[in-house]
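Visitor: Below you'll find the structure I mean.
Residue numbers (the numbering used here), protein chains in the order written: chain A, 91 to 675; chain B, 11 to 378.
Structure representation (structure tokens):
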């Protein structure tokens, strides 16, 4: 059992508080999840517990013994060296040597852990079996897929069973099957004598954990069994099924009703979270709508509840963007025709085709390294394809002049604004870059400051903003010129759930005004907002259709989810490929 | 320190070196390139410079002198009679210099009076001008010496002999610098890159969270790259011997001694750089700043330290390359002059120890 009391850690001489007097208890024989957005303090906390970062103040005790975290050499304290002897730590950037093979990596860690002889053989056998890496022992770690790398990293950490296992975001960007394998691997080693710390930015992972510590801006906002948190919102989550009218308008209408604190679009359904107000009363404010069904809440609903629900009832973007459309409303806004991209021998994108209709959200869904970002970048003309065509509003991207490019808004995955300019200066610059002038330009900048609540921080340099505000600023810069097509590359990766929901509220609002959006994501629940999804895996589109269509793939399940569909599609793809490989050999 | 841990890490490092084309490239191709550039390209000996000789004296001694100049491989000479003509040739760029042998030269020399010649060189190319001056002067001195024995004249007593590089080939002189450069690059540059790469990839973070100690980390990095540097050194020496007939007057032992000390200093500097930078690009730039440039500028390998301003001379003492260059030169061109070699080795060892202390303080098992 690890007990943390009043732990504080600041960076940049106190300017940035990463951990703000955190206290919590981590019990053994359990996986304790550290959940929170980027910048919440997860990594800082785990690094302190791994003994590689010194806190400013606070204490840590392990099984009742105080940890000598400030290295005062006190004899009755447990030293950092002792801590590190019983700990396995897997950093966020997995600590694998990419130019060593799978076996060589395992050998190295085995030697460092002083594993020898039979013990080593048994350990190898068991981790290779668990990770299903037996067939890849001679492959360089750098050539493994993202999921396999994480599994190998975990295998290295598990070779000699540690008393404390610290895993920093082991599942981020990993395909759902590998995610499931990782959790199973950790579960299988749990016993009275082990403590596991697992950090993640995915809220849905919490439901598989026994104990979670929810962090936000360096503070613990919830700790306990996730079921306990979910219990608090029990009977407050309802679903309107088979919504016939425009689901986006309906959802935004629902949010305006008193007592509704959150709405979620999921395919044809719209889910609501209430503040406890009687559902009868809420329903009575709607006309001609069937009574909603009560459903089991998710951990995400619990988090939204803890964070206080949505603060805004309607996206203010609606006031700024009235009507954006291409003159010819029938043509496909974006078209990918047999796009192929190779990097050396590696085919990153293999013959990908799809079309996006006006006023729709099109989602590219897939794990890291699946080829979705490559496809995306070819569509915006940032990367030249080896073959195939990419068209925007019927015009080949290759022939597009800068006038036509005014029709596109683009938000990159990495923060791509000027970090040494203030928020206002960035907005000013981009409004000029998109050729807004005079009153129009002024109005655009002021509107963005209003819509995204930049008033307080308008003179702060963009580089020092929190991730949520950075992403908001990036979105603001991309939409100022009211582009008919908006490209968003993982816009919400790493941001807190409320900011994520706000983002989707804005996106949905813009789409309801006629804008078309192409978005990449690896969040399943976000994909539910899309009208159409292309599921990308290993460079190919494995499935294409609306979220509800895709769920039909596993219609045998009671309540099929996108994740289940995704897993099934990947498994089929893997089997087919294995079959072809065996056949070729 | 646990031997097994270090062994595991050293073997890991060796595997990585073998697989990483860039480290092989830096360790072998780079020395080869440097040696070829220094050997063929950057020769400081300029040969066959075109000059005019204005022969105003017709005595035997002046004829001998003209013969000496014309037969020298440094000059291509053309004897003219008037200063005017020589001036014209220099102005039009046909020649780079003029040597004037004045009237009564032979007579004066024979009488034991001060016999002089005038050397004029084209100052628009100061480098070549310096060479013309030096070569012409050198040849003239040689000539006077021969006269001295012939005439038994005590008035001529210029003694100017070039020792230890008998053929006066700058390549042999530069080779010592090239070796220093190679070891500095392989030692500091390569090491700083590999360690910075480990920070970038997160492998260092994983490593420092294990019970491994700081000295184990340092030793496990120093050992394989020390080996690589030695291999690179042997390779360079052999190549110098075979391709440029580089002299090696000293012993392998003395070379090994001073090289080991210098390699250690370079490796530790490399580790310090990457500990401070933790990023391959910055580490690379820093490594160039602290090793490559001082080796080039302040080790006395290209530019003579004695002709620098005093403060810069003082500054040059803090760079390890200076000590290594001086010892390598001695070993290659003169032989084992232990006084200098031991002094240099001692200074380098002290530097290594001091820097190791500093590194141990900086390379804490901490990510901050």
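Ideal Cβ placement from N, Cα and C applies to all residues, glycine included. Since the structure is predicted, the reported quantities are computational estimates derived from the model, not experimental observations.
For residue 25 of chain B, return the contacting residues in chain A, with the cut-off set at a CB-CB distance below 7 Å.
Guide: As a first step, residue 25 of chain B is located in the second chain; it is residue number 15 there, counting from the start. 190 and 194, listed in chain order.
Visitor: At a CB-CB cut-off below 9 Å, which residues of chain B make contact with residue 491 of chain A?
Guide: Looking up residue 491 of chain A in the first chain gives position 401. Within 9 Å Cβ-Cβ: nothing; residue 491 of chain A doesn't reach chain B, min ~36 Å.
Visitor: The alpha helix (DSSP H) with residue 120 of chain B in it runs from where to where?
Guide: As a working mapping, residue 120 of chain B is identified with position 110 in the second chain. Here the alpha helix (DSSP H) through residue 120 of chain B covers 115–121.
Visitor: Return yes when the Cβ of residue 155 of chain B is within less than 7 Å of the Cβ of residue 78 of chain B, no when it is not.
Guide: On the second chain, position 68 is the one that residue 78 of chain B refers to. On the second chain, position 145 is the one that residue 155 of chain B refers to. Cβ atoms of residue 78 of chain B and residue 155 of chain B: not closer than 7 Å.
Visitor: With a cut-off of 7 Å, does the C-beta of residue 216 of chain B fall near any C-beta of chain A?
Guide: Taking the second chain and counting its residues from 1, the one referred to as residue 216 of chain B is at position 206. Any Cβ of chain A closer than 7 Å to the Cβ of residue 216 of chain B would place that residue at the interface, and such an atom is present.
Visitor: Sort A/575, A/409 and A/662 by Cα distance to residue 609 of chain A and report the nearest one.
Guide: Residue 609 of chain A sits at position 519 when you count from the first residue of the first chain. The candidate whose alpha carbon is nearest that of residue 609 of chain A is A/575.
Visitor: With burial defined as no fewer than 16 other Cβ atoms inside 10 Å of the residue's Cβ, what is the status of residue 360 of chain B: buried or exposed?
Guide: Numbered from 1 along the second chain, position 350 holds the residue referred to as residue 360 of chain B. Residue 360 of chain B is exposed by the Cβ-count criterion.
Visitor: Taking CB distances under 7 Å as the criterion, tell me whether residue 36 of chain A reaches chain B.
Guide: Given a span of 91 to 675 for chain A in the structure shown, any question on residue 36 of chain A remains unanswerable.
Visitor: Return the first residue and the last residue of the alpha helix (DSSP H) that residue 395 of chain A is part of.
Guide: Start at 1 with the first residue of the first chain, and residue 395 of chain A comes out as number 305. Here the alpha helix (DSSP H) through residue 395 of chain A covers 389–396.
Visitor: Would the beta-carbon of residue 97 of chain A fall within 7 Å of that of residue 127 of chain A?
Guide: Within the first chain, residue 97 of chain A is the residue found at index 7, counting from 1. Within the first chain, residue 127 of chain A is the residue found at index 37, counting from 1. Not closer than 7 Å, so no.
Visitor: Please compile the residues from chain B whose C-beta is within a distance smaller than 8 Å of the C-beta of residue 144 of chain A.
Guide: Within the first chain, the letter at position 54 stands for residue 144 of chain A. Neighbours of residue 144 of chain A in chain B, taken as residues whose beta carbon is under 8 Å from its own, are 376 and 378 in chain order.
Visitor: Can you tell me whether residue 288 of chain A is buried or exposed? The criterion is at least 16 other CB atoms within 10 Å of its CB, across all chains shown.
Guide: As a working note, residue 288 of chain A is residue 198 in the first chain. Residue 288 of chain A should be labelled buried.
Visitor: From this set, A/135, A/660 and A/603, which residue's C-alpha is nearest residue 411 of chain A's C-alpha?
Guide: Here the question's residue 411 of chain A lines up with position 321 in the first chain. Checking every option, the nearest Cα to that of residue 411 of chain A belongs to A/603.
Visitor: To the nearest angstrom, how far is the alpha carbon of residue 169 of chain B from that of residue 144 of chain B?
Guide: What you label residue 169 of chain B is simply residue 159 of the second chain in a count that begins at 1. What you label residue 144 of chain B is simply residue 134 of the second chain in a count that begins at 1. The predicted model places residue 169 of chain B with a pLDDT of 41, which falls under 50 and marks its position as unreliable; any figure quoted below should be read in that light. One C-alpha to the other measures close to 15 Å.
Visitor: Are the C-beta atoms of residue 18 of chain B and some chain A residue less than 7 Å apart?
Guide: Residue 18 of chain B sits at position 8 when you count from the first residue of the second chain. Closer than 7 Å to some Cβ of chain A, the Cβ of residue 18 of chain B qualifies, so yes.
Visitor: Let's see if you can read the secondary structure: which residues bound the alpha helix (DSSP H) around residue 550 of chain A?
Guide: On the first chain, residue 550 of chain A is found 460 positions in, with the first residue counted as 1. Counting along the chain, residue 550 of chain A falls outside any alpha helix (DSSP H), and DSSP gives it neither H nor E.
Visitor: Which chain B residues sit within Cβ distance under 8 Å of residue 180 of chain A?
Guide: Position 90 of the first chain holds residue 180 of chain A. Result: 216.
Visitor: Does residue 596 of chain A have its Cβ less than 7 Å from a Cβ in chain B?
Guide: Stepping through the first chain from its first residue, residue 596 of chain A is reached at position 506. No - not a single Cβ of chain B is within 7 Å of the one on residue 596 of chain A.
Visitor: Residue 267 of chain A to residue 250 of chain B, Cα distance in whole Å?
Guide: Within the first chain, numbered from 1, the residue matching residue 267 of chain A stands at position 177. Within the second chain, numbered from 1, the residue matching residue 250 of chain B stands at position 240. So the two alpha carbons sit approximately 59 Å from each other.
Visitor: Which term fits residue 99 of chain B, buried or exposed, when burial requires 16 or more other beta carbons within 10 angstroms of its beta carbon?
Guide: Mapped onto the second chain, residue 99 of chain B falls at position 89. By the neighbour-count rule (16 or more Cβ atoms within 10 Å), residue 99 of chain B is buried.
Visitor: Let me make sure I understand the geometry here. Which of A/135, A/367 and A/174 has the alpha-carbon closest to that of residue 99 of chain A?
Guide: Along the first chain, read from residue 1 onward, the residue named residue 99 of chain A stands at position 9. Selected option, being the one with the closest Cα: A/135.
Visitor: For chain B, find out if any of its Cβ atoms is closer than 7 Å to the Cβ of residue 175 of chain A; answer yes or no.
Guide: The count along the first chain starts at 1 and reaches residue 175 of chain A at position 85. Chain B contact via Cβ: present.
Visitor: So, helix, strand or coil for residue 172 of chain B, using DSSP?
Guide: Counted from its first residue, the second chain places residue 172 of chain B at position 162. Unreliable placement is indicated for residue 172 of chain B, whose pLDDT of 41 sits below 50; no coordinate value is reported for it.
Visitor: For my contact list, residue 125 of chain A and residue 305 of chain A are in at a C-beta cut-off of 8 Å; report their separation, rounded to the angstrom.
Guide: For this step, residue 125 of chain A is matched to residue 35 along the first chain. For this step, residue 305 of chain A is matched to residue 215 along the first chain. Indeed they touch by this definition, with Cβ atoms about 7 Å apart.
Visitor: Pop quiz: residue 358 of chain A and residue 332 of chain A are said to be a contact at Cβ under 8 Å. What is the actual Cβ separation, rounded to whole angstroms?
Guide: Taking the first chain and counting its residues from 1, one reaches residue 358 of chain A at position 268. Taking the first chain and counting its residues from 1, one reaches residue 332 of chain A at position 242. That belief holds up - the Cβ atoms of residue 358 of chain A and residue 332 of chain A are roughly 5 Å apart, short of 8 Å.
Visitor: Please look up how many angstroms separate the CB atoms of residue 614 of chain A and residue 653 of chain A, rounded, as I've assumed it's under 8 Å.
Guide: As a first step, residue 614 of chain A must be located in the first chain, where it is residue number 524. As a first step, residue 653 of chain A must be located in the first chain, where it is residue number 563. That belief holds up - the Cβ atoms of residue 614 of chain A and residue 653 of chain A are roughly 5 Å apart, short of 8 Å.
Visitor: For residue 359 of chain A, which residues does DSSP report across the bridge?
Guide: In the first chain, the residue the question calls residue 359 of chain A occupies position 269. According to DSSP, residue 359 of chain A bridges with A/356.
Visitor: Taking only three categories from DSSP, how would you classify residue 375 of chain B?
Guide: In the second chain, residue 375 of chain B corresponds to position 365, counting from 1. DSSP places residue 375 of chain B in coil when its eight states are reduced to three.
Visitor: Can you tell which of A/252, A/317 and A/477 has the C-alpha that lies nearest to the C-alpha of residue 118 of chain A?
Guide: Residue mapping note: residue 118 of chain A aligns to position 28 of the first chain, counting from 1. Comparing Cα-Cα distances from residue 118 of chain A to each of A/252, A/317 and A/477, the minimum goes to A/252.
Visitor: Check whether the region 543–553 of chain A touches the region 471–483 of chain A, counting contact only when three or more Cβ pairs, one atom from each stretch, lie closer than 8 Å.
Guide: Between the region 543–553 of chain A and the region 471–483 of chain A, the count of C-beta pairs closer than 8 Å stays below three; the two stretches do not touch.
Visitor: Count the other CB atoms, across all protein chains shown, that sit within 10 Å of the CB of residue 241 of chain B; report buried if there are 16 or more and exposed otherwise.
Guide: Here residue 241 of chain B refers to the residue found at position 231 of the second chain. Flag for residue 241 of chain B reads exposed.
Visitor: In the region 217–230 of chain B, which residues sit with their C-beta less than 9 Å from some C-beta in chain A, listed in chain order?
Guide: 217, 218, 219, 220, 221, 222 and 223
Visitor: Which runs of the beta strand (DSSP E), 3 residues or longer, sit entirely within the region 307–389 of chain A?
Guide: 309–314, 327–330, 350–356 and 359–364
Visitor: Could you tell me which of A/581, A/626 and A/599 sits nearest to residue 402 of chain A, measuring between CA atoms?
Guide: Within the first chain, the letter at position 312 stands for residue 402 of chain A. Ranking A/581, A/626 and A/599 by Cα distance to residue 402 of chain A puts A/599 first.
Visitor: By Cβ distance, which residues of its chain are closer than 7 Å to residue 559 of chain A, with the 5 residues on each side in sequence left out?
Guide: Position 469 of the first chain, counting from 1, holds the residue named residue 559 of chain A. Closer than 7 Å at the Cβ level, and outside the excluded window around residue 559 of chain A, lie 547.
Visitor: Work out the CA separation of residue 637 of chain A and residue 325 of chain A for me, nearest whole Å.
Guide: By one-based count along the first chain, residue 325 of chain A stands at place 235. By one-based count along the first chain, residue 637 of chain A stands at place 547. When rounded, the distance between both Cα atoms is 26 Å.
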